[in-house]
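Since the structure comes first, as C-alpha cells, the remarks are kept for the end.
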Amino acid sequence: MADTQSLNARASQETFISLLLLEPAPIESPRPETEKELPSLPEEAEPETALAGPPASPTPRSRGGQGHVLRIQRYSSYVFFVFTTCHFITTSLVPLAARSVRASESYFLLTRELYQTPLSEPLLVFLPAAAHVASGLALRLLRRSQNLQRYGGATPGMVALHRVKTAAASSSFSSASSSSSATALLPTPAWPWPPFSTIAASGYALALFLGAHVALNRALPLLVDGDSANVGLAYVAHGFARHPALAGAAYVGLLGAGAGHMVWGWARWVGVAQRAGWWNTRGQDATGYRAVDRARTRARRRNFLLVNGVAVAVAVAWAAGGLGVVARGGAQAGWLGKAYDDLFQRLPFL
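Number 91 in our numbering belongs to position 92 of the sequence shown; there are no gaps in the numbering.
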C-alpha cells in the first residue's frame, strides 16, 4: 500500500517552480589576465557531419563580437593616451616649471600643431574618444544580453517566475500564506547588468566634462571666429579671472575624472586593478587557509593603495600646473581680452 502510494505521489508546486529555472549570479567583467573570448552557445554551434573533415580549431569565439569590441576599447585608449600625454605636459608640467603663462604659451602652441591638424586631430582625439565611449556602452549591452541568455532572463518562464517572487516579496511576514512560503526558498532574480565599476563611473563622468571642455575651447571659437588660433593658456587664465567659480568647478571635475579614469584604466590593462564589486565578494572567495587568505588580502590592499596613490599623484601634478599657475594668470588686456569676453558672452549660462 505504501509502495503504491509512493508511486502515485505528485510533485508539489514549490518543487516544480524550483526546478523550472536555476539562477546563478551573473558573470562579472573578466579580469584582464584571464580575458578570453567565450564560446558560442550550443544552438549556434555548427552541426557536425560525417564528411566534415578534420575537427575545427578549439579556439573559442566571442558571441556577438564581444572580443572585438573589447579590443577597440583597449587600443583606442592607447591612441588617445598620446594626445593626453602631450596635453598634460604643455598645460601642467611646462607651466609648473616656467611659473608663467606667457613663458609657457609658446610650448603649448608649438605642441598643439602636432594634434590639431586636419589629419591628426580626428585620428588622435575625436575618433579614439568616440570609439572608446561607444565600445564601453556596447560592452555593457553585450554582457547584459549574454547574462539574460545564459541565466534565463530571456526565457518565457522567467516572466512567470519573476511575478511569483515579486508577489511573495510584497507580502508581509505577519500575513504570509502557504503560497508565499512556497516561493520563499527561491533565489532572488539576478540583476542582468554587469557590475558598475569605478573605472566605468569615472569614464562616464570624464565624457561629460571632456565634452564641455571641447565645446568651450574648440567648438565655440570655431563657430564665432572661424578658428581657434587665439585660444591658448591665456584664454584659460582669462576664463578663471572672469568666472572663477564655474571654471574652478569644471576644471576640478575634469581633472579628477580624467586622472582617476586614466590611471585606473591603465591599471586594468596591466592587470593590477580590482574587479567591479570586489568589496562585496572579499569573503566569498576565501580558501580556508589563513596564510593564503592573508597573502591575498595584502596583495589586494597593496594594489589598491598603489593604483589610487598614482591617481592622486597625477591629479596633484595636474592641479599644481593648472590651478597653481595657469588659473592665476589673470585677465588679458587689450583686443585679446575683448575677444575672449565676446566668446564668453555667447554662452547662455554666463
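For glycine and all other residues, C-beta sits at the position ideal for the given N, C-alpha and C.
Problem - Coil, strand or helix - V226 by DSSP - result: Looking at the sequence shown, residue 226 is not Val but Asp. If DSSP states are grouped into helix, strand and coil, D226 belongs with coil.
Practice task
Report buried or exposed for L140, applying the criterion of at least 16 other Cβ atoms within 10 angstroms of its Cβ.
Solution key: Counting Cβ neighbours within 10 Å, L140 comes out exposed, since fewer than 16 surround it.
Handout entry: Coarse secondary structure for H350, derived from DSSP in three states
Key = Here the chain has residues from 0 to 349 only, and residue 350 is not among them.
Exercise for the section: Please name the residue, chosen from T84, R98, A96 and Q72, that lies closest to A137 on a Cα-to-Cα basis. Expected result: Relative to the Cα of A137, the nearest Cα in the group T84, R98, A96 and Q72 belongs to Q72.
Practice task
Could you tell me whether the Cβ atoms of L215 and L253 are closer together than 8 Å?
Solution key: Contact: no.
Exercise for the section: Tell me whether the beta-carbon of Y339 lies closer than 8 Å to the beta-carbon of H237. Expected result: Yes, these two residues count as a Cβ contact at 8 Å.
Practice task
Taking A330 as the reference, give the member of G231, T90, G225 and S196 with the closest Cα.
Solution key: Out of G231, T90, G225 and S196, G231 has the C-alpha closest to the C-alpha of A330.
Exercise for the section: Confirm, please, whether the CB-CB distance from G328 to A233 is below 8 Å. Expected result: Yes, the pair counts as a contact, with Cβ atoms nearer than the cut-off.
Practice task
Evaluate the contact criterion for the segment 121 to 136 versus the segment 67 to 87: three or more CB pairs, one atom per stretch, below 8 Å.
Solution key: Touching, yes, given that three or more Cβ pairs across the two stretches are closer than 8 Å.
Handout entry: C-alpha distance - T110 paired with S91, whole-angstrom precision
Key = When rounded, the distance between both Cα atoms is 13 Å.
Practice task
Give the DSSP-derived three-state secondary structure of G336 in the structure shown.
Solution key: Three-state result, G336: helix.
Problem - contact_flag[the segment 195 to 207, the segment 113 to 127] where n(CB pairs < 8 Å) is 3 or more - result: Short answer: they don't touch.
Practice task
State the Cα-Cα distance for the pair I88 and A290, rounded to the nearest angstrom.
Solution key: I88 and A290 have their C-alpha atoms roughly 44 Å apart.
Handout entry: Three-pair Cβ contact test at 8 Å for the segment 236 to 251 versus the segment 291 to 306
Key = With the cut-off at 8 Å, the segment 236 to 251 and the segment 291 to 306 do not touch.
Exercise for the section: Measure the Cβ-Cβ separation of V306 and W263 and say whether it is below 8 Å. Expected result: Contact: yes.
Practice task
Could you check what DSSP says for Q148 in three-state terms: helix, strand or coil?
Solution key: Here Q148 sits in helix by DSSP.
Handout entry: Boundaries (first-last residue) of the alpha helix (DSSP H) holding Q72
Key = Its alpha helix (DSSP H) spans residues Q65 to F87.
Problem - Exposure of V100, with buried meaning 16 or more beta-carbon neighbours within 10 Å - result: The residue is buried, with at least 16 neighbouring Cβ atoms inside 10 Å.
Problem - C-alpha gap between A96 and R142, whole angstroms - result: The C-alpha of A96 lies about 46 Å from the C-alpha of R142.
Practice task
State the CB to CB distance for the pair P220 and L342, rounded to an integer number of angstroms; the pair is presumed to be in contact (CB under 8 Å).
Solution key: Contact annotation, P220 with L342: C-beta distance approximately 6 Å; criterion of less than 8 Å satisfied.
Handout entry: Own chain partners of V68 with C-beta closer than 8 Å, once the 5 adjacent residues on each side are dropped
Key = Excluding positions up to five away in sequence, the list reads S134, A137, L138 and L141.
Problem - Opening and closing residue of the alpha helix (DSSP H) in which L209 lies - result: Note, L209: alpha helix (DSSP H), T197 to V213.
Exercise for the section: Just the C-alpha distance for L66 and G255, rounded to the nearest angstrom, thanks. Expected result: Note on residue identity: the sequence assigns Gly, not Leu, to residue 66. Looking at the two C-alpha atoms, the distance is approximately 30 Å.
Handout entry: Range of the contiguous alpha helix (DSSP H) that encloses N302
Key = Taken as a continuous stretch (DSSP letters only), the alpha helix (DSSP H) holding N302 covers R289 to G321.
Exercise for the section: Rounded to whole angstroms, what's the CA-CA distance from D226 to V213? Just pull it up for me. Expected result: Their backbone Cα atoms lie some 13 Å apart in a straight line.
Practice task
From the DSSP output, in three-state form, read off P121 for me.
Solution key: DSSP places P121 in helix when its eight states are reduced to three.
Problem - First through last residue of the alpha helix (DSSP H) which encompasses R327 - result: Boundaries for R327: no alpha helix (DSSP H) harbours it, and the DSSP string shows neither H nor E there.
Exercise for the section: Assign L346 to one of three DSSP states: helix, strand, or coil. Expected result: Coil, per DSSP.
Problem - Exposed unless 16 or more other CB atoms sit within 10 angstroms - verdict on Q145 - result: Q145 should be labelled buried.
Exercise for the section: With DSSP collapsed to three states, give me the class of P194. Expected result: In the structure shown, P194 adopts coil according to DSSP, grouped into three states.
Problem - Classification of E112 by the beta-carbon crowding that lies within 10 angstroms, buried from 16 upward - result: With fewer than 16 Cβ atoms within 10 Å of its Cβ, E112 is classed as exposed.
Exercise for the section: Tell me whether A228 is buried or exposed, calling it buried when 16 or more other Cβ atoms sit within 10 Å of its Cβ. Expected result: Exposed: under 16 other Cβ atoms inside 10 Å.
Exercise for the section: Leaving out five residues on either side along the sequence, give the residues of the same chain with a beta carbon under 7 Å from the beta carbon of A310. Expected result: Here the set comprises A258, G259, V262 and W263.
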